[in-house]
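Below you'll find the structure, written out as structure tokens, and then a few comments.
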Amino acid sequence: MSVSPFPLIEYDLSRVDARSALAAWDRLRPGRRRSDRLWIGLGGIGGAVGGLSGALLADGEPILWWILALMLVPGVAFGVAVVWLMLFVTRRQRADIVIASGAMPIGPQRVWLDLDGAHHDRPGVSHLLSWAALGEPRQVGGHLIVPLAAATPQAPTGAAVAFILPASLGQPTLESAARMLTAGPGALQRAQDVGRHPSPVLQGEVVLADYVAFNRHFLVTPAGRQQQWMLAATGALLGAFAGYVILGQFTGGLVAVALGAVLAAGGIVVLARSQVGAQAEAMVRSGSYDVGPGAWWFDDEEVYARIGGSRIGVAWESVTSVEPAGRVGIVWFGRSIAIVVPRSAPGADAFLAAVASRVDGLHRGRQR
Numbered sequence: 002m003s004v005s006p007f008p009l010i011e012y013d014l015s016r017v018d019a020r021s022a023l024a025a026w027d028r029l030r031p032g033r034r035r036s037d038r039l040w041i042g043l044g045g046i047g048g049a050v051g052g053l054s055g056a057l058l059a060d061g062e063p064i065l066w067w068i069l070a071l072m073l074v075p076g077v078a079f080g081v082a083v084v085w086l087m088l089f090v091t092r093r094q095r096a097d098i099v100i101a102s103g104a105m106p107i108g109p110q111r112v113w114l115d116l117d118g119a120h121h122d123r124p125g126v127s128h129l130l131s132w133a134a135l136g137e138p139r140q141v142g143g144h145l146i147v148p149l150a151a152a153t154p155q156a157p158t159g160a161a162v163a164f165i166l167p168a169s170l171g172q173p174t175l176e177s178a179a180r181m182l183t184a185g186p187g188a189l190q191r192a193q194d195v196g197r198h199p200s201p202v203l204q205g206e207v208v209l210a211d212y213v214a215f216n217r218h219f220l221v222t223p224a225g226r227q228q229q230w231m232l233a234a235t236g237a238l239l240g241a242f243a244g245y246v247i248l249g250q251f252t253g254g255l256v257a258v259a260l261g262a263v264l265a266a267g268g269i270v271v272l273a274r275s276q277v278g279a280q281a282e283a284m285v286r287s288g289s290y291d292v293g294p295g296a297w298w299f300d301d302e303e304v305y306a307r308i309g310g311s312r313i314g315v316a317w318e319s320v321t322s323v324e325p326a327g328r329v330g331i332v333w334f335g336r337s338i339a340i341v342v343p344r345s346a347p348g349a350d351a352f353l354a355a356v357a358s359r360v361d362g363l364h365r366g367r368q369r
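Residue numbers (this note's numbering): 2 to 369.
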């Protein structure tokens, strides 16, 4: 993250604004205008046919031509109006589906730019869109819509939209945002003398062994112990049944149940602990754990980690503790989720100490 001359924009995207922006965007899709004209034309023809039928006498003889024309006009107008209303309602329905699915979030949001790209954040979610991922911003229906560069014209409504800046922000703000988004990172680079991070950037390499160390340490945390107790309880129930069925033939029933429960409970826990390395390897293969070059830093609002092509930002209020665990440092922000920092990276211990000091200060402030 670098300091940006572009002001932070904070706003509340309402359902009404999101719906109107998405419906307006839908009208801009290639071929949409031609399709609309075709449907409206067919509606007019259908209305004309209906008006002609109503203008004929019951015995099939036409009335005067000027009366016939007068009857056709409202028929055509009615047909056009019905089709136009159908198109309007359909677009609103498509927009409502996008909003209801969460693909276009509504509520409090903020947008800011730096050399990395556009940051579109909302409560609990920190989202970075690289400059290469952003398309040309468009002002549609009073709103500024920023599309995704890779989206195809055939993409469903809303799937091609990165984020929406509502008209309520005012025209000067929207025009400024459009200029900065169009100019790209070059304008930001020229607008600042030197890009810098609020905290020194820690750089290092994350490897499989780091996640093995993290998983082993997790086993001694309250959440890890709880999982092992649950496994042991499940194993004990199965073992008790198996002991009664199998060992009960050679010894007393109560002894067989107890022996089966103990053996199964202990065995399943030992098996789970022995699979820590294999589990970490499977998580790396699946992409759940990222390996490769990494960078870690923080500012006044969040702690950040970038590993490979993935980046996460965690608000200070969400960080619960910082722990050393052998070859790694762990910045916990949940019972079982954390930022993993390899202590092999130069300056890692100092970075972790700075994060821990900030977290301890926040905790002491809450207790007062």
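The beta-carbon is built from N, C-alpha and C at its ideal position, and this holds for glycine as well.
None of these values were measured; they are calculated from a predicted model.
{"Query": "Nonlocal neighbours in the same chain, by C-beta distance under 6 angstroms from Y1, ignoring five residues either side", "Result": "This structure does not reach residue 1, given that the chain is present from 2 up to 369, and the question cannot be answered."}
{"Query": "First and last residue of the uninterrupted beta strand (DSSP E) at E176", "Result": "Per DSSP, E176 belongs to no beta strand (DSSP E); it is in the alpha helix (DSSP H), Q172 to A184."}
{"Query": "Q227 burial status per 10 Å Cβ neighbour count (16 or more: buried)", "Result": "exposed"}
{"Query": "DSSP state of A78 mapped onto helix, strand, coil", "Result": "helix"}
{"Query": "The alpha helix (DSSP H) enclosing R217, as first and last residue numbers", "Result": "L209 to F219"}
{"Query": "Sequence-distant residues of the same chain with beta carbon closer than 6 angstroms to H144, five excluded per side", "Result": "A22, I165, P167 and A168"}
{"Query": "At least 3 beta-carbon pairs within less than 8 angstroms: the stretch 226 to 246 vs the stretch 263 to 274", "Result": "yes"}
{"Query": "Nearest residue (CA-CA) to D372, options G240, D122 and A265", "Result": "Shown here, the chain extends from 2 to 369; a query on residue 372 therefore has no answer."}
{"Query": "Beta-carbon separation (whole angstroms), G330 vs R312, contact threshold 8 angstroms", "Result": "G330 to R312, Cβ: 18 angstroms. No contact."}
{"Query": "C-alpha distance - V162 paired with A134, whole-angstrom precision", "Result": "11 angstroms"}
{"Query": "Limits of the unbroken beta strand (DSSP E) element including L9", "Result": "Neither: L9 is in no beta strand (DSSP E) and is coded neither H nor E."}
{"Query": "A346 (DSSP reduced to helix, strand or coil)", "Result": "coil"}
{"Query": "W333: first and last residue of the uninterrupted beta strand (DSSP E) it sits in", "Result": "V329 to W333"}
{"Query": "Rounded straight-line distance, which links the Cα of L264 to that of W333", "Result": "34 angstroms"}
{"Query": "Rounded straight-line distance, which links the Cα of R217 to that of G225", "Result": "9 angstroms"}
{"Query": "Span of the beta strand (DSSP E), counted from its first residue to its last, around W132", "Result": "Here W132 belongs to no beta strand (DSSP E), and DSSP marks it neither H nor E."}
{"Query": "Enclosing beta strand (DSSP E) for S322 [first to last residue]", "Result": "S322 to A326"}
{"Query": "S127 versus G314 - alpha carbon distance", "Result": "6 angstroms"}
{"Query": "Bridge-paired residues (DSSP) for R139", "Result": "I146"}
{"Query": "Residue range of the alpha helix (DSSP H) that includes V17", "Result": "R16 to R28"}
{"Query": "DSSP state of D115 mapped onto helix, strand, coil", "Result": "strand"}
{"Query": "Inter-residue Cα distance where the pair is P186 and R180", "Result": "11 angstroms"}
{"Query": "Same chain, Cβ closer than 8 angstroms to G61, five either side skipped, listed in chain order", "Result": "Reliability of the predicted coordinates at G61 is poor, the pLDDT of 48 falling under 50, and the value obtained from them is presented with this limitation in mind. Excluding positions up to five away in sequence, the list is empty."}
{"Query": "Integer Cβ distance of G205 from G295, believed to fall under 8 angstroms", "Result": "6 angstroms"}
{"Query": "Euclidean distance between Cα positions of A241 and G278", "Result": "29 angstroms"}
{"Query": "8 angstroms Cβ cutoff met for R20 and I146", "Result": "no"}
{"Query": "Three-state secondary structure (DSSP) of Y245", "Result": "helix"}
{"Query": "V256 burial status per 10 Å Cβ neighbour count (16 or more: buried)", "Result": "exposed"}
{"Query": "Which residues DSSP lists as bridging A316, in chain order", "Result": "E303"}
{"Query": "Counted within 10 angstroms of its Cβ, other Cβ atoms place E1 as buried (16 or more) or exposed", "Result": "Shown here, the chain extends from 2 to 369; a query on residue 1 therefore has no answer."}
{"Query": "L209 versus A354 - alpha carbon distance", "Result": "24 angstroms"}
{"Query": "Reduced DSSP secondary structure (H/G/I, E/B, other) of S169", "Result": "helix"}
{"Query": "Which of helix, strand or coil DSSP assigns to G125", "Result": "coil"}
{"Query": "CB contact flag (L203, W297, <8 angstroms)", "Result": "yes"}
{"Query": "Nearest residue (CA-CA) to R359, options A346, G348, D300 and I338", "Result": "D300"}
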